[in-house]
Amino acid sequence: MPELPEVESIAVSLRRGLRGLAISAIDLRRAALLRRGRPADLKPLVGRAITGVRRRGKHLIIEAGDRVLMFHLRMTGGFEWADPAAPDDRHTHLVLRFKEVRRELRFHDVRKFGFALCLPAAGVDSCPEIAVLGPEPLEIGLQEFQSRLKTRRGRLKSVLLDQTFVAGIGNIYADEMLFESRIRPLVSAARLSPARAARLWEAMRAVLSSAVAAGGSTVRNYRNADGEVGHFQENHKVYGRSGEACPACGAPIRHRMIGGRSSHFCSRCQI
DNA sequence: AGTTCCCTGAGG
DNA sequence: CCTCAGGGAACT
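For the first sequence, counting from 1, position 15 maps to 13 in this note's numbering; every step adds exactly one.
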């Protein structure tokens, strides 16, 4: 569920919390968290100062000099600052400790879909996870957005969720930006008119930037690294509102599966 | 291009 | 008890 706005909010909170800290120890509780990586890959991080935190798509990248620790949170991954003496739950998979402070940073993930990789900083952009990603939706220009759409066969909603098209959009924001632009999720991406593509581009920027400003959406239990919830769920017009009245026309919000994902839309407003 | 699977807790 | 949620890879 963490999508671009949630990962951005986590990155901002981590940037704040990690400023000026150097890693003193790493406690890997579940080796499978590293996927193809090995536990020994983490060793170069010990002793390194944190030099930055950034986001690429839904990936979170903690920079420590010439190494990075990259996370994908998938559905239920998250961070929490805790006193080392505080009890931890069985879903904590990695713990970072620091020279300067007593508090430790815990990565937890109930469903274990998330992963972490320790990579050379120079190799991040060329690693498979990042190399395949499309442009950032808040950076891509209208012309490029329109021309990329034309090359995509398939339903518009599925294309928006495809991280190689643009990186960072998930189920919530795909539904919301389609409603905002009054476009049906089922239409062909390639056949979207330039005017409708422009409306979608505007909606994409508006929805994502509002969501970033609101700290993301907290449905179920998303929180940033400081334990703060997001507030954009209060602005959701269609996501999770099947059966409720469309805020624009009053027709009931419809719900159906598209490409294996639950989709919410107004069949009167969205054409 | 659609379906299945991974995993677990929440909700019916 | 059963079903659902969901990102993304793997499979059909």
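Built from N, CA and C at the ideal position, the CB exists for glycine as well. Just so it is clear, the structure is predicted and the values come from calculations on it, not from any experiment.
Cβ-based burial, residue i [other Cβ within 10 Å; buried from 16]
i: Glu1; result: buried
i: Val236; result: buried
i: Ser145; result: exposed
i: Pro192; result: exposed
i: Thr149; result: exposed
i: Asp107; result: buried
i: Thr216; result: buried
i: Ile269; result: exposed
i: Ala172; result: buried
i: Gly248; result: exposed
i: Phe111; result: exposed
i: Arg221; result: buried
i: Ala195; result: buried
i: Leu158; result: buried
i: Val130; result: exposed
i: Arg36; result: exposed
i: Gly166; result: buried
i: Arg88; result: exposed
i: Ala114; result: buried
Sub-7 Å separation of residue i and residue j beta-carbons
i: Leu190; j: Pro183; result: no
i: Arg95; j: Ala29; result: no
i: Lys97; j: Ala211; result: no
i: Arg17; j: Val51; result: no
i: Gly55; j: Ser156; result: no
i: Met68; j: Pro135; result: no
i: Leu65; j: Leu43; result: Reading off the sequence shown, one finds Arg at residue 65, where the question assumed Leu. Closer than 7 Å, so yes.
i: Arg153; j: Ala188; result: no
i: Val5; j: Leu58; result: yes
Residue i in three-state terms, based on DSSP
i: Glu66; result: What sits at residue 66 in the sequence shown is Val, not Glu. In the structure shown, Val66 sits in a strand (DSSP, three-state: E or B).
i: Gly45; result: coil
i: Glu134; result: coil
i: Leu32; result: helix
i: Leu158; result: helix
i: Phe230; result: helix
i: Leu71; result: coil
i: Glu61; result: strand
i: Thr243; result: A quick correction: the sequence has Ala, not Thr, at residue 243. Three-state result, Ala243: strand.
i: Pro37; result: helix
i: Gly248; result: coil
i: Gly121; result: helix
Opening and closing residue of the beta strand (DSSP E) in which residue i lies
i: Met255; result: 252 to 256
i: Ala114; result: 113 to 118
i: Arg52; result: 50 to 54
Sheet register partners of residue i (DSSP bridge)
i: Ile21; result: Phe96
i: Thr90; result: His106
i: Gly76; result: His106
i: Ser186; result: Arg153
i: Glu178; result: Beta-bridge pairing links Glu178 to no other residue.
i: Ile170; result: Ile170 is not bridged to any residue.
i: Arg259; result: Ile256
i: Leu26; result: Leu92
Delimiting residues of the alpha helix (DSSP H) encompassing residue i
i: Gly3; result: The residue you asked about is not Gly; residue 3 is Pro in the sequence shown. Looking at the DSSP string, the run of the alpha helix (DSSP H) that includes Pro3 is 2 to 16.
i: Ser207; result: 192 to 211
i: Arg146; result: 140 to 148
i: Ile269; result: Here Ile269 belongs to no alpha helix (DSSP H), and DSSP marks it neither H nor E.
i: Ala129; result: 126 to 129
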